[in-house]
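The opening position of the sequence shown corresponds to residue 0 in numbering that gives the first Met the number 0, with each subsequent residue numbered one higher. Built from N, CA and C at the ideal position, the CB exists for glycine as well. Below is one structure, written out as structure tokens, with a few remarks after it.
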Amino acid sequence: MIILAAGCGLKANPAPSASAVTPKQGQQKLTVSTDENAVVLTWQMQNPDGKIRYTTIEKSQLGSTGNICRDCPRIFEKIGQLQVLNIKNEKSDYRFADSLVEKGKIYSYRLKLCDEAGVCRESQTVEIDFK
0 MIILAAGCGL
10 KANPAPSASA
20 VTPKQGQQKL
30 TVSTDENAVV
40 LTWQMQNPDG
50 KIRYTTIEKS
60 QLGSTGNICR
70 DCPRIFEKIG
80 QLQVLNIKNE
90 KSDYRFADSL
100 VEKGKIYSYR
110 LKLCDEAGVC
120 RESQTVEIDF
130 K
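Printed below as a string of structure tokens:
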């Protein structure tokens with residue numbers, strides 16, 4: 000008897016490396032919306048000890064190469080990078096607009112908060128059906 004099973008394998012991304020960026024720091028309330036012909040990401044960030052140096056914005060398109068299965072690990076590509084303001088004990092508002100989108104496509108976005116050594120921690124992922 001021969002049994003064949005097919006699937007994409009692992010259902011989660013690998014665990015991130017240890018970083019100077021702690022869960023108490025960083026972005027809060029990542030939201031996604033549309034604005035005419037763009038997808039707009041907004042979030043707040045607090046950097047009390049100044050360890051976060053920059054934020055990388057990443058995007059994944061459902062149905063593109065490597066992103067066929069909704070529940071499989073997604074392949075993200077870097078679409079932008081922002082320097083983090085070093086204002087202690089204050090939340091700063093950030094906004095990023097992605098105009099390289101097509102109607103009828105589903106996009107996922109995430110942020111990576113990176114320290115001075117380049118070690119990054121991923122945010123939660125948000126998804127939008129761009130109509």
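Leaving out the 5 sequence neighbours to the left and right, which residues in its chain are closer than 7 Å to Asp-217 when beta-carbon positions are compared?
With the chain covering only 0 through 130, there is no way to say anything about residue 217.
Below 8 Å on the Cβ atoms is my contact criterion, and I expect Lys-50 with Ile-78 to pass it. Report the Cβ-Cβ distance as a whole number of Å.
If you number the sequence shown from 1, residue 50 lands on position 51. If you number the sequence shown from 1, residue 78 lands on position 79. The pair is not a contact, with the Cβ atoms about 24 Å apart (cut-off 8 Å).
Are Ser-107 and Glu-76 touching if we call contact CB-CB under 7 Å?
Indexing the sequence shown from 1 puts residue 107 at position 108. Indexing the sequence shown from 1 puts residue 76 at position 77. It is not a contact, given that the beta carbons lie outside the stated cut-off.
Starting from the C-beta of Gln-43, find all residues in its chain whose C-beta is less than 6 Å away, skip the five residues before and the five after it, and write them out in chain order.
One-based indexing of the sequence shown puts residue 43 at position 44. Gln-27, Lys-28, Lys-90 and Asp-92, listed in sequence order.
From Val-31 to Leu-99, what distance separates their C-alpha atoms?
The residue labelled residue 31 in the question sits at position 32 within the sequence shown. The residue labelled residue 99 in the question sits at position 100 within the sequence shown. About 15 Å.
Leu-84 to Gln-45, Cα distance in whole Å?
Start at 1 with the first residue of the sequence shown, and residue 84 comes out as number 85. Start at 1 with the first residue of the sequence shown, and residue 45 comes out as number 46. Going from the Cα of Leu-84 to the Cα of Gln-45 covers about 9 Å.
Is Val-39 near Ala-116, with beta carbons less than 7 Å apart?
Sequence index remark: in the sequence shown, residue 39 carries index 40 (1-based). Sequence index remark: in the sequence shown, residue 116 carries index 117 (1-based). It is not a contact, given that the beta carbons lie outside the stated cut-off.
Pull up the distance between the alpha-carbon of Thr-33 and that of Ile-1, whole angstroms please.
Residue 33 sits at position 34 when you count from the first residue of the sequence shown. Residue 1 sits at position 2 when you count from the first residue of the sequence shown. One C-alpha to the other measures close to 50 Å.
Ends of the beta strand (DSSP E) at Ile-127?
Position 128 of the sequence shown, counted from the start, is the residue given in the question as residue 127. Here the beta strand (DSSP E) through Ile-127 covers 125 to 129.
Buried or exposed for Cys-68, going by 16 or more other Cβ atoms inside 10 Å?
Taking the first residue of the sequence shown as 1, we reach residue 68 at position 69. Exposed, because fewer than 16 other Cβ atoms sit within 10 Å of the Cβ of Cys-68.
May I ask you to report which of helix, strand or coil DSSP gives Leu-61?
Within the sequence shown, the letter at position 62 stands for residue 61. Three-state result, Leu-61: coil.
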